[in-house]
Each structure stands twice: as C-alpha cells, then as structure tokens.
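Just so we're aligned, residue 1 is where the sequence shown starts under our numbering, counting upward by one.
From the three backbone atoms N, C-alpha and C, an ideal C-beta is built for every residue, glycine too.
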Amino acid sequence: MRTIADFQKEVADYIARTHQSGGLLECPLCEQGALIEAEVRATGEQISFCEECDSIWPSECLIDDSHAEAFQTFVDAHGKRGLTWSELKIS
1 MRTIADFQKE VADYIARTHQ SGGLLECPLC EQGALIEAEV RATGEQISFC
51 EECDSIWPSE CLIDDSHAEA FQTFVDAHGK RGLTWSELKI S
C-alpha cells in the first residue's frame, strides 16, 4: 500500500527533476511552494497543486488566484469524498 511518505518522496523527486529542466513553476498564491502536476487516480482528472499551501487547479483552468481551490473545497465540489493526497499520481 502506498503511504503518505511514498507520496512525499514522489513530490520531492518531481520537484528535483522539474527544477533541473527549468520547468518548475511557483505557486501564485503563497509564492513559496512548487506547482506539481498530478492525476486523480480514480478519475484520471489532471490537476496542478501547490506542495506548500495545498491549493489546486484543474488542468483546464489558468493557474492564477481566481481559479485556485483549497484541497477540501476541490474534494467536496467534485464529489470525491474520501480522496486523499496519496490517491494522486504525480506526473
């Protein structure tokens, strides 16, 4: 079973890999975290999320202040009750 520690390692690996290629984007909300591309395993939905403040952007949205959602808001609004960070597949 995949643990939260596994997920955190995947995030760290993604940041290192993406930073090396010069493609790492900073969160426009907190200006501290990196944006991580991921897939919701259960639905295949593509999202970006901030590893620092936990804001989420669905892939079809611009990554800006007006399109950001809190993780729990995203879960509630999309009927994904029970969704946890460990159920995201890092791209």
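Can you give me the Cβ contacts of residue 87 inside the same chain, cut-off strictly under 8 Å, excluding the 5 residues immediately before and after it?
By 1-based counting over the sequence shown, the position of residue 87 is 87. Closer than 8 Å at Cβ, skipping near neighbours: 40, 41 and 42.
Where residue 62 falls, given that 16 or more other Cβ within 10 Å makes a residue buried:
Indexing the sequence shown from 1 puts residue 62 at position 62. Looking at its Cβ environment, which holds fewer than 16 other Cβ atoms inside 10 Å, residue 62 is exposed.
According to DSSP, which residues form a beta bridge with residue 88?
As a position in the sequence shown, residue 88 is number 88, starting the count at 1. Its beta-bridge partners are 40.
Reduced DSSP secondary structure (H/G/I, E/B, other) of residue 59:
Walking along the sequence shown from the start, residue 59 turns up at place 59. Residue 59: coil per DSSP, three-state reduction.
Cut-off 7 Å between Cβ atoms - residues of its own chain near residue 72, not counting five sequence neighbours on either side
Here residue 72 refers to the residue found at position 72 when the sequence shown is read from its first residue. Cβ within range, chain order: n/a, list empty.
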